[in-house]
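Note that the sequence shown covers residues 1 to 483 in my numbering.
Just so it is clear, CB atoms sit at the ideal spot from N, CA and C, and this is done for glycine as well.
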Amino acid sequence: MNKTIRRASVFSLLLVLALLVRATWVQFYDGTALADDKDNRRNAIELYSAPLGNIIVGGEAVTGSARTTSGDLAYKRTYQDGPLYAAVTGYSSQVYGATQLEGIYQDVLDGSDLRLKTMMDTVTNTRAAPGDVVTTIDPAVQRAAYEALGDKRGAAVAIDPDTGRILGVVSTPSYDPDRITTGGSDDWERLTKAEDKPMTNRALRQPLPPGSTFKLVVAAAALEDGLYASVDEKTDSPDPYDLPLSSDQLTNENRSAPCENASIRVALQYSCNNVFGKMAVDLGQEKVRETAERFGFNDAEQDVPVRAYESVYPKDMDEAQTALSGIGQFDVTATPLQVAMVSAAIANGGELVSPHMVSKITDGDGDTLENYDDSASGKRIVSASTAEQLESAMQTVVTDGTGSNAQIPGATVGGKTGTAQHGENNSKTPYAWFTSYAKSDSNGKAVAVAVVVEQSDAERSEVSGNGLAAPVAKAVMEAALKG
């Protein structure tokens, strides 16, 4: 072979190798990227080529799949009582993707989870029969919260303190996932641009100033630290309290309330700002933060399994800011989920069981793939003695204090009201909060609840935790305690 032919042969071989390398790259790298591209229509066609699995509430499916009559998708997602359960299910849309439980468990619901595959599915490379997601939601509790909130802008969360099972997650105003599941652009634009943000899950993903509900955390810190030995020991609390390094004073809404040097019980009963502002300063922000974080504040990975937004107790405050944080103001924020967790831990003897709203996931035959009830773990937040004292003080709030609208015949109820300032110099309508627990006197059931009302038709002077949020909490607790 002469030199010219040999060079041509080597060059040709290199070209062939280059083509093989490029073909392999396209097949296994670019191909995967193209297949996973959100704009690849074939993904939606595959996803909706067969009925999806369902999200189950109270033993009944609240989702479904309907055969389409046109287009290239064989099925579309449907919802039963869509607005009622939107904060739980989220949506699964051929255009806008999937959220909430629909998104988290998409591989279970569409049959692509490897745990669903039989040996024959693996051999034939076919999609397995879809599985289901069984929630912890109690339909009676969910409906009670939804109807009690009505046309108010707000949210409610209910937790079984003994098991961590989330019984209700409601956010209002809500939306109907059915309206966007097939990609209606007009509905999508209306919902995403609406001033009242119906697609925001206020229960899990909108932290707000918790106001006086945060006083429970400060009280817990004071008892755990030994600053005060009991909820009935008098505190060192001038009324009004002069904020350190400031010319401002911390006063109380009820100027005639017995807040000067009040005990923790009386201070919770009358929601005394001077007591808890001074208490936070006496403890110091580090001790308050430590207790808040045990309850779940400053946790950026709070999954139930939907990722909840972080509830924040801030750092690097001066003493005046620390005092304001003690009454749930300054830069303190909390979701209704977080506030419900505080009451749940207190009602459960100081132990917080991991809150979760999925009981288990199952395969197409109903066999359990993963059980979340069995894996829910408890964590000691405060001592049993501290929890018992706070339970008692919260009961006083309901029987003789600012939470009277939460009283339930035949049940022991404890609670804490909150009215959080909103806007610069409190220029906007305040947020009305109520957090509580209830224990049936007859059947042993228990529930912890948090409610926030952001906006309602009430006059500004009538906005209060007891007036707006407590009746909602009462309706939720009554539904949860029924035998």
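- Setting aside the 5 residues that flank it on each side, Pro430 is surrounded in the same chain by Thr419, Ala420, Gln421, His422, Val463, each with a C-beta closer than 7 Å to its C-beta; the list follows chain order.
- Under the DSSP assignment, Phe434 falls outside any alpha helix (DSSP H), being part of the beta strand (DSSP E) whose first and last residues are 428-440.
- Less than 8 Å divides the Cβ of Thr322 from the Cβ of Gln285.
- Leaving aside the five residues that flank Ala393 on each side, the residues in its chain whose CB is nearer than 8 Å to its CB run, in chain order, Ala219, Val231, Ile264, Arg265, Leu268, Gln269, Gly414.
- Note on the segment 73-105: whole beta strand (DSSP E) runs with a minimum of 3 residues are 75-79, in chain order.
- With three or more CB-CB distances shorter than 8 Å, the segment 332-349 counts as touching the segment 434-442.
- Of the other Cβ atoms in all chains shown, 16 or more fall within 10 Å of the Cβ of Ser311; this residue is therefore buried.
- Rounded to whole angstroms, Asp331 and Gly211 show a C-alpha spacing of 11 Å.
- A residue is called buried once 16 or more other Cβ atoms fall within 10 Å of its Cβ, and Gly296 is buried on that count.
- Cβ-Cβ distances below 8 Å link Cys272 to Ser237, Asp239, Asn252, Ala257, Cys259, Ala262, Val266 in the same chain, with the five nearest sequence neighbours on each side left out; the list follows chain order.
- For Thr322, the enclosing alpha helix (DSSP H) starts and ends at 319-325.
- Where Thr135 is concerned, there is no enclosing alpha helix (DSSP H), although the beta strand (DSSP E) around it starts and stops at 132-135.
- Distance between Val157 and Ala23, taken at the CA atoms: about 54 Å.
- For Val463, no alpha helix (DSSP H) run applies, since DSSP gives it neither H nor E.
- Ala222 sits close to Tyr228, with the two beta carbons spaced by under 8 Å.
- In the assembly as shown, Ala8 is an exposed residue. Its beta-carbon has fewer than 16 other beta-carbons within 10 Å.
- One thing to note: Ala87 has its Cβ within 8 Å of the Cβ of Val169.
- Within the segment 212-261, no complete beta strand (DSSP E) segment of 3 residues or longer occurs.
- Shortest Cα-Cα distance from Thr172 to any of Asp373, Val472, Asn274 involves Val472.
- The Cβ-Cβ distance between Trp188 and Val339 does not fall below 8 Å.
- Taking Pro244 as reference, the option from Val451, Val304, Gly90, Ala280 with the minimal CA-CA separation is Ala280.
- Per DSSP, the unbroken alpha helix (DSSP H) holding Glu286 starts and ends at 285-295.
- Straight-line spacing of the CA atoms in Asn54 and Val275 works out to 50 Å.
- With a cut-off of 8 Å on Cβ pairs, the segment 358-377 is not in contact with the segment 186-202, counting fewer than three such pairs.
- Our two residues, Glu301 and Tyr309, have alpha carbons roughly 8 Å apart in a direct line.
- Asp299 sits in coil when the DSSP states are folded into three classes, being neither helix nor strand.
- By the CB criterion at 8 Å, Gly150 and Val452 fall outside the cutoff.
- Counting along the chain, no alpha helix (DSSP H) covers Ser171; the unbroken beta strand (DSSP E) around it starts and ends at 166-172.
- Excluding five sequence positions before and after Thr68, the CB atoms of its chain that fall closer than 7 Å to its own CB belong to Ala74, Tyr75, Lys76, given in chain order.
- Note that the segment 93-111 does not touch the segment 286-294; fewer than 3 beta-carbon pairs, one per stretch, sit closer than 8 Å.
- A distance below 7 Å between beta-carbons, with the five flanking residues on each side excluded, links Leu369 to the following residues of its chain, in chain order: Arg115, Gly131, Ile361, Thr362, Asp363.
- For Lys360, the beta-bridge partners assigned by DSSP are Val134, Asn371.
- As the crow flies, the alpha-carbon of Thr396 is around 47 Å from that of Val108.
- Between the alpha carbons of Val217 and Asp299 lies a gap of roughly 16 Å.
- The three-state reading of DSSP puts Ile264 in helix, counting H, G and I together.
- Val397 sits in a helix when the DSSP states are folded into three classes.
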